[in-house]
Amino acid sequence: MTAATDRSQRWNRLLELLADTGRLSVEEAAERLGVSPATIRRDFTALADQQLATRTHGGIVATSVAYELPARYRGGDAAKQRVAEHAASLVLPTEVVGLNGGTTTTAVARALAGRPDLATAELTIVTNALNIAGEMVLRPHLRTICIGGQARRESYELHGPLAERAMAELRLDTLILGVNAITAEGGAQGRHLDESGINAEMVRRAERVIAVATADKLEKTALARICPIEDIDILVMDTAAAPEAVNAIREAGVRVELV
1435 MTAATDRSQR WNRLLELLAD TGRLSVEEAA ERLGVSPATI RRDFTALADQ
1485 QLATRTHGGI VATSVAYELP ARYRGGDAAK QRVAEHAASL VLPTEVVGLN
1535 GGTTTTAVAR ALAGRPDLAT AELTIVTNAL NIAGEMVLRP HLRTICIGGQ
1585 ARRESYELHG PLAERAMAEL RLDTLILGVN AITAEGGAQG RHLDESGINA
1635 EMVRRAERVI AVATADKLEK TALARICPIE DIDILVMDTA AAPEAVNAIR
1685 EAGVRVELV
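Here it is, written out as structure tokens:
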């Protein structure tokens, strides 16, 4: 693990703790993360510089409603975090990057925001997810574009004709695509028709599509197809993935990276 990746993961963990408590002290954070108080002080200063927290004497306090989200958007298991960190590492500093909604793409967005090499880059984030836009807009080094539309409260995704019209006027260098299911035969799939529709438009507007999923998505099917498997360039998935299913996707021409 690189120092940059370790720092990014540490910042994400601090933000999760801050979301739960609203306030963190240096001593508490150092104990919870198993690092030195000096490291935590530097982390707190960096988070304050990015307007993600407010520095106080001996700690930080939450300053953004972006962290008052349902618990399913705050954290993630180790496999999901590995997938997110790896997918984020594939993004180039000057790209226009699309992100649809979901827990894995939310983790990717946070990993992108935590990459130190992007602090002086010209990365643009395009998303139809309100929670991702709410977090990314606080990062002064990122340009954030949120696609309009009707909001679905369960996933924070914007969808509908307005979202599709807006997306039709944009282009993406890379789309980070979260899915509810993925197979060689069924391609990338989503649970909801409207969300799958805007996700399909994002695929059409992207030069490169990177699907991100944990291994359990290989064992599922969903209502709506987002795109055929041939439209996906790279699939990033954890190493628990079933070899037979992975091989079938590779045989379809998709580069599969297991992390």
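Per our numbering, the very first residue in the sequence shown carries number 1435; after that it's consecutive.
All C-beta atoms, glycine included, are put in the ideal place defined by N, C-alpha and C.
As the structure is a computational prediction, the values presented were derived from the model and not from experiment.
Buried or exposed (CB count within 10 angstroms, at least 16 for buried), residue i
i	result
Gln1443	buried
Asp1477	buried
Glu1653	exposed
Ala1463	buried
Leu1526	exposed
Leu1557	buried
Ser1589	buried
Arg1516	buried
Leu1627	exposed
Arg1506	Residue confidence for Arg1506 is low, a pLDDT of 43 falling below 50, so the modelled location carries little weight; the figure read from the coordinates is stated next. So Arg1506 counts as exposed.
For residue i, three-class secondary structure by DSSP
i	result
Gly1631	helix
Leu1524	coil
Arg1444	helix
Ala1675	coil
Arg1642	strand
DSSP bridge partner residues for residue i (one or two, in chain order)
i	result
Ser1589	Looking at the DSSP assignment, Ser1589 forms no beta bridge with any residue, so it has no partner.
Glu1462	Glu1462 is not bridged to any residue.
Glu1691	Val1670
Thr1488	Val1495
Gly1624	Ala1658
Arg1457	Val1495
Straight-line gap, residue i to residue j (C-alpha atoms, nearest Å)
i	j	result
Pro1595	Glu1635	11 angstroms
Thr1578	Asp1511	26 angstroms
Leu1451	Gln1584	31 angstroms
Val1670	Ala1543	15 angstroms
Ile1683	Arg1447	33 angstroms
Leu1592	Ile1474	36 angstroms
Thr1608	Ile1632	16 angstroms
Ala1553	Ile1559	14 angstroms
8 angstroms Cβ cutoff, residue i in contact with chain C
i	result
Arg1441	Protein chains in the displayed structure number just one, and chain C is not present.
Practice task
Please list the segments of the alpha helix (DSSP H) lying wholly inside the region 1534–1622, counting only runs of 4 or more residues, in order along the chain.
Solution key: 1537–1547, 1564–1570, 1595–1602
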